[in-house]
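*Asks:* First the structure, then my questions, so here it is.
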Amino acid sequence: MNLKVVLPPVIIVVLGLGAISSVQNTGFREHIESTLTESAQGALSAAGIDADVAFSGRDADVTAPSDAVALEAADVVGGVAGVRAAAAYGPDGLVSAGSDVEPAEAEAAEPAEPAEEETEAAEPTGEATASPEATGATSDGETEATEDEAAEEEDDEPRREPTREEREEAQEDLVEIPNITFVTDSAELTEHGRKVVRKAAEVLGEHPEVEVRIEGHTDSVGTDEHNQELSERRAEKVVDELVQQGVERDRLTWKGFGESEPLVVPRTFDDLEKNRRVEFKVLD
Numbered sequence: 007m008n009l010k011v012v013l014p015p016v017i018i019v020v021l022g023l024g025a026i027s028s029v030q031n032t033g034f035r036e037h038i039e040s041t042l043t044e045s046a047q048g049a050l051s052a053a054g055i056d057a058d059v060a061f062s063g064r065d066a067d068v069t070a071p072s073d074a075v076a077l078e079a080a081d082v083v084g085g086v087a088g089v090r091a092a093a094a095y096g097p098d099g100l101v102s103a104g105s106d107v108e109p110a111e112a113e114a115a116e117p118a119e120p121a122e123e124e125t126e127a128a129e130p131t132g133e134a135t136a137s138p139e140a141t142g143a144t145s146d147g148e149t150e151a152t153e154d155e156a157a158e159e160e161d162d163e164p165r166r167e168p169t170r171e172e173r174e175e176a177q178e179d180l181v182e183i184p185n186i187t188f189v190t191d192s193a194e195l196t197e198h199g200r201k202v203v204r205k206a207a208e209v210l211g212e213h214p215e216v217e218v219r220i221e222g223h224t225d226s227v228g229t230d231e232h233n234q235e236l237s238e239r240r241a242e243k244v245v246d247e248l249v250q251q252g253v254e255r256d257r258l259t260w261k262g263f264g265e266s267e268p269l270v271v272p273r274t275f276d277d278l279e280k281n282r283r284v285e286f287k288v289l290d
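Count along the sequence shown starting at 1, add 6, and that's the number in this note's numbering.
So this is what it looks like as structure tokens:
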């Protein structure tokens, strides 16, 4: 058999099949990416999250205006059928995937307690805390408006004074909100905690006239000083998240009570959990 005669047609056939396979693979990949993008955007819309999604095969890059939203959006996209992995990107780039704790807020681990997710323990004594001047808070922990915010308030129309019935109705609705949870011994919200804050923002949107104080409470594990500081940070964190959800900052103040006002006398782990809470108090 003359190979010079046989080989050229064979080579042409092989190259042609390779080209067809390449085109089919490219088209199939684009179809997968298009389908996953549509499913991911639908899941984000259903969750009320504003974020952008881009796929490379079955891997997603999720971009959002804040690290917290980016992490939450990545969790939602990662749960979409067919998605292999979802990376979160905030304003400063890649956010630690699969973790609710930002690097700057990682703290030393505390002793574990059975079935406890949020038991507070003493933080390292070398941790620096921000002064009231640095955080924009008054001596009792309530937020002060900046000069720019004060100027905006002067330009806005005065808010209508709510009636007593409106205040009572708002307070009843806020009491029904589930407890806001945090990562153990930190002011970082859990996934459940962020969802509850979004619910609180919706309730406050239904009562636009009322002003509310966010009050943080801890259990009695740890020192008084540590628990006081932790309760203040958690209350302020909730205020910041509510503002991010669209609630006007001048409607909100915050205060931490540490372990000073427990709901129950702590005798069991369940009692400790009841005393760890964030409360919404409508102001008169």
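C-beta: ideal position from N, C-alpha, C; glycine also.
List, from N- to C-terminal side, the alpha helix (DSSP H) runs of 4 residues or more that fit wholly inside the region 65 to 110.
*Replies:* Segments of the alpha helix (DSSP H) lying fully in the region 65 to 110: 73 to 84.
*Asks:* Thinking C-alpha only, which one of L100, E197, I183, E171 is nearest V82?
*Replies:* Minimum Cα distance to V82 is reached at E197.
*Asks:* Considering only residues of the same chain and omitting the five flanking positions on each side of L258, which have a CB-CB separation below 8 Å?
*Replies:* Around L258: T149, E217, V218, R219, I220, V245, L248, V249.
*Asks:* What is the DSSP secondary structure of E285, reduced to helix, strand or coil?
*Replies:* E285 falls in the strand class under three-state DSSP.
*Asks:* Note the first and the last residue of the continuous alpha helix (DSSP H) segment covering G199.
*Replies:* Unbroken alpha helix (DSSP H) run through G199: 197 to 212.
*Asks:* In the DSSP assignment, find the unbroken alpha helix (DSSP H) run with V218 in it and report its ends.
*Replies:* Premise fails: V218 lies in the beta strand (DSSP E), 218 to 223, not in any alpha helix (DSSP H).
*Asks:* Between D67 and T187, what straight-line distance do the alpha-carbon atoms span, to the nearest angstrom?
*Replies:* Their backbone Cα atoms lie some 27 Å apart in a straight line.
*Asks:* Smallest Cα separation from G85: which of G99, A49, P71?
*Replies:* Among G99, A49, P71, the Cα nearest to that of G85 is on A49.
*Asks:* Taking Cβ to Cβ, would you say H223 is nearer than 8 Å to F263?
*Replies:* Cβ atoms of H223 and F263: closer than 8 Å.
*Asks:* Is any heavy atom in the ligand GDP found nearer than 7 Å to the beta carbon of A80?
*Replies:* With respect to small molecules bound, the structure shown includes none, and the ligand GDP cannot be examined in it.
*Asks:* Would you mind sorting P168 into buried or exposed? The rule is 16 or more other CB atoms within 10 Å of its CB.
*Replies:* The residue in question, P168, is buried, as its Cβ has 16 or more Cβ neighbours within 10 Å.
*Asks:* Please state if the CB of Q177 and the CB of V284 are separated by a distance shorter than 8 Å.
*Replies:* The answer is no: Cβ separation not under 8 Å.
*Asks:* Could you give the distance in angstroms between the alpha-carbon of L180 and the alpha-carbon of L236?
*Replies:* Taking the straight line from one Cα to the other gives about 22 Å.
*Asks:* Ignore the nearest five residues each way along the sequence and tell me which others in A70's own chain have a CB closer than 6 Å to its CB.
*Replies:* Hits under 6 Å: A57, A76, A79.
*Asks:* Since L258 sits in a beta bridge, which residues does DSSP pair it with?
*Replies:* DSSP output for L258 lists V218 as bridge partner(s).
*Asks:* Considering only the beta carbon of each residue, do A94 and V101 sit closer than 8 Å?
*Replies:* Contact: yes.
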